[in-house]
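Residue numbers (the UniProt record's numbering): 1 to 457. Glycine included, each C-beta is placed from N, C-alpha and C at the ideal position.
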Amino acid sequence: MNEKISFLKNKINLSSPNKNIVPITTNIDITEKLNIGGCSIEDLVKKYESPLYILDEITLRNSCRAYKKALEKYYRGVSLPIYASKANSSLFMSNLVASEGFGLDAVSEGELLTALKGGVPNEKIVFHGNNKSDKEIAFAIKNKIKVIVDNEHDLKRLEEISNSLNFDLEIMIRFTPGIECHTHEYIRTGSFDSKFGFGIESLTKLFGVIIKTKHLKLIGLHAHIGSQIFELEPHKDLGEIMVNVMLQAKKFGHNIKELNVGGGLGIKYTQEDDPPSIDEWIKTVSSSIEQACKKNKLDLPLLMCEPGRSIVSTAGVTIYKIGSFKEIPGIRTYLSVDGGMSDNPRPITYQSNYSACLVNDPLNINSKNKYTVAGKHCESGDVLFKEIELGKCKTGDLICVFGTGAYNNSMSSNYNRIPKPAAVLVCNGEAEIIQKRESPHDLLKNDVLPDRFINQS
Numbered sequence: 001m002n003e004k005i006s007f008l009k010n011k012i013n014l015s016s017p018n019k020n021i022v023p024i025t026t027n028i029d030i031t032e033k034l035n036i037g038g039c040s041i042e043d044l045v046k047k048y049e050s051p052l053y054i055l056d057e058i059t060l061r062n063s064c065r066a067y068k069k070a071l072e073k074y075y076r077g078v079s080l081p082i083y084a085s086k087a088n089s090s091l092f093m094s095n096l097v098a099s100e101g102f103g104l105d106a107v108s109e110g111e112l113l114t115a116l117k118g119g120v121p122n123e124k125i126v127f128h129g130n131n132k133s134d135k136e137i138a139f140a141i142k143n144k145i146k147v148i149v150d151n152e153h154d155l156k157r158l159e160e161i162s163n164s165l166n167f168d169l170e171i172m173i174r175f176t177p178g179i180e181c182h183t184h185e186y187i188r189t190g191s192f193d194s195k196f197g198f199g200i201e202s203l204t205k206l207f208g209v210i211i212k213t214k215h216l217k218l219i220g221l222h223a224h225i226g227s228q229i230f231e232l233e234p235h236k237d238l239g240e241i242m243v244n245v246m247l248q249a250k251k252f253g254h255n256i257k258e259l260n261v262g263g264g265l266g267i268k269y270t271q272e273d274d275p276p277s278i279d280e281w282i283k284t285v286s287s288s289i290e291q292a293c294k295k296n297k298l299d300l301p302l303l304m305c306e307p308g309r310s311i312v313s314t315a316g317v318t319i320y321k322i323g324s325f326k327e328i329p330g331i332r333t334y335l336s337v338d339g340g341m342s343d344n345p346r347p348i349t350y351q352s353n354y355s356a357c358l359v360n361d362p363l364n365i366n367s368k369n370k371y372t373v374a375g376k377h378c379e380s381g382d383v384l385f386k387e388i389e390l391g392k393c394k395t396g397d398l399i400c401v402f403g404t405g406a407y408n409n410s411m412s413s414n415y416n417r418i419p420k421p422a423a424v425l426v427c428n429g430e431a432e433i434i435q436k437r438e439s440p441h442d443l444l445k446n447d448v449l450p451d452r453f454i455n456q457s
């Protein structure tokens, strides 16, 4: 079987969905067509049209439970996994993670409101951001949401607004631990170039400032070392660094009770990707914190982590309908679909790679052809795949792109005034709408034509 499509025959990893390319419930039915969650993809498109986002509930819940189980297994203190909602923010996702005992991190008033309306308890929400507005800060304070302080301007605004409202506020400090994990290399000391967080060298001064504030109570520390991480070694260093900062804070009278190690665990987008399992990642994080605390004779803090991509990405797929073809002899054949960079901006933005197959020929058993899959937008760079091998296909056939649960919907746009797709949840043969499809008329609802222009035509 061709290597590029054999992922559909891979054994499903139930305990760590981030090591799968496809959702847990992916199946090839007796007609040799693809279905997910017990639902026929062809039937879903007939009902909900395309492009279409599909989320598999069983994969989502398995991902959440893998984190919970690993934390209970490896960390002897109290723990709280927090969903990084920027990966995919909605009322549904907020409700689902809350039902699984997760907290949630948000970076805007919109994400905060979505979390609260979705049922996440305010005491389990943390508010991130490197340039929070006064309105957002006031919203967080009034709703008793913990704020992660990112910089001096942040701290000043928090102090002034909490004073004006006469509200006490629990805060955490985000700092750059000097561990950069993006290119298989990282540094162990000093600060690295990032728009987020205080430099580790500035923390001593910072602790002295915070202890003098009236309403701010420093209870925790936050550090994040990267995204789509495939290495475990950096997190072994992170625990000791964070505990050492706890000791510094203690000298100024701060009682640090919570450590948040961020997220960033990678997922398997293609056959070449080999991320650690959720179990391995949590074991590394937990032992790092525990060993450092034991060494320094400290009680174990509440341990937080912030998975996003590894919760929702593998659970999601996007379905496109094939339209036009353009063959350039000796160069390539373009295959165009009814979506593209507005519903998945990651290929044009990050050169991200995915796996895909035809819905009616998922195992590519018919003649194999290479296609460049182009989107419908007015951009030459709107290309979802370069030279992907698919079975023989025609206009009207459906393509399923895997691993699109994270960032595709949340980063989507209305470029070229194209409405955003619908999203459906599938489980045990049932499909439920969780995001309505936009119409072209929806795109006009916030447009305003000044009065003096109305009668000029």
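Just reading off the alpha helix (DSSP H) that I125 is part of, what are its end residues? Start at 1 with the first residue of the sequence shown, and residue 125 comes out as number 125. Segment I125 to F127 is the beta strand (DSSP E) holding I125; no alpha helix (DSSP H) there.
Relative to the C-alpha of D150, which candidate in S310, E160 and T176 has its C-alpha closest? Here residue 150 refers to the residue found at position 150 when the sequence shown is read from its first residue. Distance check between D150 and each of S310, E160 and T176 places T176 closest, using alpha-carbon atoms only.
Going by DSSP, what residues sit across from C378 in a beta bridge? Here residue 378 is taken as the residue at index 378 of the sequence shown, counted from 1. DSSP lists no beta-bridge partner residue for C378.
Beta-carbon separation of N20 and G38 under 9 Å? As a first step, residue 20 is located in the sequence shown; it is residue number 20 there, counting from the start. As a first step, residue 38 is located in the sequence shown; it is residue number 38 there, counting from the start. Taking 9 Å as the Cβ cut-off, N20 and G38 do not qualify as a contacting pair.
By DSSP, does C305 sit in helix, in strand, or in coil? For this step, residue 305 is matched to residue 305 along the sequence shown. Strand.
May I have the straight-line CA-CA distance separating L169 from L218, to the nearest angstrom? By 1-based counting over the sequence shown, the position of residue 169 is 169. By 1-based counting over the sequence shown, the position of residue 218 is 218. In a straight line, the C-alpha of L169 is about 9 Å away from that of L218.
How far does the alpha helix (DSSP H) with L96 in it reach, from first residue to last? The sequence position of residue 96 within the sequence shown is 96, counting from 1. L91 to S99 is the span of the alpha helix (DSSP H), which, as asked, contains L96.
Between the alpha carbons of A431 and K321, how many angstroms are there, rounded? On the sequence shown, residue 431 is found 431 positions in, with the first residue counted as 1. On the sequence shown, residue 321 is found 321 positions in, with the first residue counted as 1. Going from the Cα of A431 to the Cα of K321 covers about 19 Å.
Within the same chain, show all residues whose beta-carbon is closer than 6 Å to that of E57, passing over the 5 residues directly before and after it, in chain order. Locating residue 57 in the sequence shown gives position 57, where the first residue counts as 1. Within the same chain, and ignoring the five residues on either side of E57 in sequence, the residues whose Cβ sits closer than 6 Å to its Cβ are L425 and C427.
Collapsed DSSP secondary structure at P51 in the structure displayed: Working through the sequence shown from its first residue, we reach residue 51 at position 51. P51 carries a coil assignment under DSSP once its states are collapsed to helix, strand and coil.
Spatially closest choice to K46 from I319, F207, R174 and S324, by CA coordinates: The residue given as residue 46 occupies position 46 in the sequence shown. Closest option to K46, Cα to Cα, is I319.
With 16 other CB atoms within 10 Å as the buried threshold, where does L14 fall? What you label residue 14 is simply residue 14 of the sequence shown in a count that begins at 1. With fewer than 16 neighbouring CB atoms inside 10 Å of its own CB, L14 falls in the exposed class.
Please state if the CB of Y74 and the CB of G103 are separated by a distance shorter than 9 Å. In the sequence shown, the residue the question calls residue 103 occupies position 103. In the sequence shown, the residue the question calls residue 74 occupies position 74. Result no, Cβ atoms of G103 and Y74 do not sit closer than 9 Å.
In whole angstroms, give me the CA-to-CA distance for A115 and N62. As a position in the sequence shown, residue 115 is number 115, starting the count at 1. As a position in the sequence shown, residue 62 is number 62, starting the count at 1. So the two alpha carbons sit approximately 21 Å from each other.
Is the beta carbon of L206 closer than 9 Å to that of I225? Counted from its first residue, the sequence shown places residue 225 at position 225. Counted from its first residue, the sequence shown places residue 206 at position 206. One thing to note: I225 has its Cβ no nearer than 9 Å to the Cβ of L206.
Per-residue burial, S439 [other beta carbons within 10 Å of its own, 16 or more giving buried]: Your numbering for residue 439 matches position 439 in the sequence shown. With fewer than 16 other beta carbons inside 10 angstroms of its own, S439 counts as exposed.
Same chain only: Cβ atoms within 8 Å of D447, ignoring 5 sequence neighbours per side: Taking the sequence shown and counting its residues from 1, one reaches residue 447 at position 447. Excluding sequence positions up to five before and after D447, its CB lies less than 8 Å from no other CB in the same chain.
Which residues in the same chain have their Cβ closer than 8 Å to the Cβ of E100, if we skip the five residues on either side of it in sequence? For the purposes of this step, residue 100 is taken as residue 100 along the sequence shown, with counting starting at 1. Closer than 8 Å at Cβ, skipping near neighbours: R61, C64, R65 and K68.
Of all the beta strand (DSSP E) runs that stay within the bounds of the segment 388 to 425, which reach a length of 3 or more residues? Complete beta strand (DSSP E) runs here, min 3: 398 to 402.
Neighbourhood of W281 by C-beta distance below 6 Å, restricted to the same chain and skipping five residues each side: Within the sequence shown, numbered from 1, the residue matching residue 281 stands at position 281. For W281, same chain residues with a beta-carbon under 6 Å away, outside a window of 5 residues either side, are L265 in chain order.
Three or more C-beta pairs under 8 Å: does that hold for the segment 302 to 320 against the segment 389 to 399? Yes, the segment 302 to 320 touches the segment 389 to 399.
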